[in-house]
Each structure stands twice: as structure tokens, then as C-alpha cells.
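Enquirer:
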Amino acid sequence: MPKGVAENVPDDGLTTRQRRTQPITAVHTGPGKGKSTAAFGMALRAWNQGWPVGVFQFVKSAKWKVGEENALRVLGESGQGGTVAWHKMGSGWSWVQRDIESSEEAAREGWEQVKRDLAAETYRFYVLDEFTYPLHWGWIDVAEVVEVLRERPGSQHVVVTGRYAPEPLLELADLVTEMTKVKHPMDAGRKGQRGIEW
Numbered sequence: 001m002p003k004g005v006a007e008n009v010p011d012d013g014l015t016t017r018q019r020r021t022q023p024i025t026a027v028h029t030g031p032g033k034g035k036s037t038a039a040f041g042m043a044l045r046a047w048n049q050g051w052p053v054g055v056f057q058f059v060k061s062a063k064w065k066v067g068e069e070n071a072l073r074v075l076g077e078s079g080q081g082g083t084v085a086w087h088k089m090g091s092g093w094s095w096v097q098r099d100i101e102s103s104e105e106a107a108r109e110g111w112e113q114v115k116r117d118l119a120a121e122t123y124r125f126y127v128l129d130e131f132t133y134p135l136h137w138g139w140i141d142v143a144e145v146v147e148v149l150r151e152r153p154g155s156q157h158v159v160v161t162g163r164y165a166p167e168p169l170l171e172l173a174d175l176v177t178e179m180t181k182v183k184h185p186m187d188a189g190r191k192g193q194r195g196i197e198w
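If you want it as C-alpha cells, here you go:
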């Protein structure tokens, strides 16, 4: 897309302006770092437009202090852009899995909340962070997710993050980015650090 010019213009009867306001489903997947970070960058743009933003974290532990959460909450309360609501699904999930059953239940409850919010058009921009994992593990039905996202009302934008994005979700999405790992500090035995990972 050189200079922002679309490569193809569909014969759908819509004007350029109508196409520019269509809701986007985006998926950030792959083994590389930066999937959630990119989604939160999009949330910043949505906040700047004055749109209500809803963040739903499906995997990271509810006890984990995520830097983006603090920043977006402060911005949401500033009165200068859109509002920001941050939802952690139950007790969350961490890389040391201890209670699969309660994590699965929390993920399902989180998805039910997302469905209610989409039906009510609660937010204009949704981040479904690490949502691909409950799909990959079979906790939430992929076909249902695809149908709900396809049929959502209004002009609600949704970005889904996480590895192992299922093929039907990729087919539905308007924007798919795969993060690949070329090099990572962990390869050299370095663990995550303040200001970079959180």
C-alpha cells in the first residue's frame, strides 16, 4: 500500500468514506514478542479519538502489574480522550498453571462478558489480550467466537492477541500480523526486565 493507496477497490457500492469507517477485526499472533504491545498501541490511538476502550486480559495473572494497564487507566481518567475499562478474567493464568478448572471457568465468564458488551456496544475498541490461548485449549468455541465477531453491531473494532490463532479467526480477520522471533534476550539467558516486559 504505497502512500496509503488501496491495491484493490471492491465493487461493493460503498464510498471510500463508508469503507474507512467499517469495523476492523485484527489478530496479532506468532511466537515473537510484541503482540500485546502492538494492541495497546492501537488502544492508545482509539483513546485519542475519544472512543471508549475495553481491555480484556484472558491469560496473564490478575496479580501481575502490567505497565500498559496503569498508563491506560490514567489516560482514561484524564478526561482528555476516551474512557478505559480494564478487565482481568477471574484469577487470571500464569506460566505456572495451578488450577486449570478455575482458569477455564474464568475465561468462559470473560468471553460471556465480551459478548454482552459487544451486543450492548459498550466500547468502540476492544483488546482481547491473550484470547487465542483459551481458543487453542478448547475452552471457548472458535466457531461461536467467529460468529459473534462477524455479527457484532455498529462500528466496534476488536484486536485479538496471542500465539496459535485458529485458522477460522485468521480467515475472519481484516488485519493479521504474525510476530516472528529473530532474536531474544532470553536466548542468552536473560530474563524479562522492568520497563521492557512490564
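Once you know that position 7 of the sequence shown is 7 in UniProt numbering, the rest is easy, because the numbers rise by one and skip nothing.
The beta-carbon is built from N, C-alpha and C at its ideal position, and this holds for glycine as well.
1) Candidates Pro52, Arg19 and Gln57: which alpha carbon is nearest Leu75's?
2) For the candidate residues Glu178, Leu172, Ile196 and Gly67, whose alpha-carbon lies nearest to that of Pro23?
3) Work out the CA separation of Val84 and Ser155 for me, nearest whole Å.
4) May I have the straight-line CA-CA distance separating Glu167 from Glu77, to the nearest angstrom?
5) Start and end of the alpha helix (DSSP H) containing Val176?
6) Taking just the CA atoms, how far does Gly81 sit from Asn48?
7) Looking at C-alpha atoms only, which residue of Lys33, Ala46 and Gly34 is the closest neighbour of Val158?
8) Just reading off the alpha helix (DSSP H) that Thr16 is part of, what are its end residues?
9) Note down the Cα distance separating Gly195 from Thr122, rounded to an integer number of angstroms.
10) From Asp129 to Gly34, what distance separates their C-alpha atoms?
11) Any chance you could list the beta strand (DSSP E) runs of at least 3 consecutive residues sitting entirely within the region 123 to 188, in chain order?
12) If you follow the alpha helix (DSSP H) that Thr37 is part of, which residue opens it and which one closes it?
13) Can you tell me the Cβ-Cβ gap for Val127 and Ala39, rounded? I've got them flagged as a contact below 8 Å.
14) On the three-state DSSP scale, how would you describe Gln113?
15) Checking 7 Å against the spacing of the C-beta atoms, do Val114 and Phe56 come in under that value?
16) Please state the DSSP three-state secondary structure of Ala6.
17) I need the straight-line Cα distance from Val5 to Asp174, nearest angstrom please.
18) What is the residue span of the alpha helix (DSSP H) that Val74 lies within?
19) Take the Cβ of Trp93 as the centre, count every other Cβ of all protein chains shown within 10 Å, and call the residue buried at 16 or more, exposed below.
Expert: The short version:
1) The count along the sequence shown starts at 1 and reaches residue 75 at position 75. When each option's Cα is compared against that of Leu75, the closest is Pro52.
2) As a working note, residue 23 is residue 23 in the sequence shown. Comparing Cα positions, the closest option is Leu172.
3) Locating residue 155 in the sequence shown gives position 155, where the first residue counts as 1. Locating residue 84 in the sequence shown gives position 84, where the first residue counts as 1. Cα-Cα distance, rounded: 17 Å.
4) The residue you call residue 167 lines up with position 167 of the sequence shown. The residue you call residue 77 lines up with position 77 of the sequence shown. Cα to Cα, Glu167 sits roughly 37 Å from Glu77.
5) Locating residue 176 in the sequence shown gives position 176, where the first residue counts as 1. Here Val176 belongs to no alpha helix (DSSP H); instead the beta strand (DSSP E) covers Leu175 to Glu178.
6) Taking the first residue of the sequence shown as 1, we reach residue 48 at position 48. Taking the first residue of the sequence shown as 1, we reach residue 81 at position 81. So the alpha carbons of these two residues sit roughly 5 Å apart.
7) Locating residue 158 in the sequence shown gives position 158, counting from the first residue. Nearest of Lys33, Ala46 and Gly34 to Val158, Cα basis: Ala46.
8) Translated into the one-based positions of the sequence shown, residue 16 becomes position 16. First-last of the alpha helix (DSSP H) with Thr16: Thr16 to Arg20.
9) By one-based count along the sequence shown, residue 195 stands at place 195. By one-based count along the sequence shown, residue 122 stands at place 122. Their backbone Cα atoms lie some 31 Å apart in a straight line.
10) Your numbering for residue 129 matches position 129 in the sequence shown. Your numbering for residue 34 matches position 34 in the sequence shown. Using only the alpha carbons, I get a separation of about 12 Å.
11) 125 to 129, 157 to 161 and 175 to 178
12) Sequence index remark: in the sequence shown, residue 37 carries index 37 (1-based). First-last of the alpha helix (DSSP H) with Thr37: Lys35 to Asn48.
13) By 1-based counting over the sequence shown, the position of residue 127 is 127. By 1-based counting over the sequence shown, the position of residue 39 is 39. About 5 Å separates the two Cβ atoms, so the contact holds.
14) Here residue 113 is taken as the residue at index 113 of the sequence shown, counted from 1. Residue state, collapsed to three classes: helix.
15) Numbered from its first residue, the sequence shown carries residue 114 at position 114. Numbered from its first residue, the sequence shown carries residue 56 at position 56. It is a contact, given that the beta carbons lie within the stated cut-off.
16) Position 6 of the sequence shown, counting from 1, holds the residue named residue 6. Residue state, collapsed to three classes: coil.
17) To locate residue 5, count along the sequence shown from 1; it is residue 5. To locate residue 174, count along the sequence shown from 1; it is residue 174. When rounded, the distance between both Cα atoms is 17 Å.
18) Along the sequence shown, one-based indexing puts residue 74 at 74. That run of the alpha helix (DSSP H) goes Gly67 to Glu77.
19) On the sequence shown, residue 93 is found 93 positions in, with the first residue counted as 1. Residue placement at Trp93 is poorly supported in this model, since its pLDDT is 47, which falls under 50; the coordinates still yield a value, given next. Its Cβ being crowded by 16 or more others within 10 Å, Trp93 is buried.
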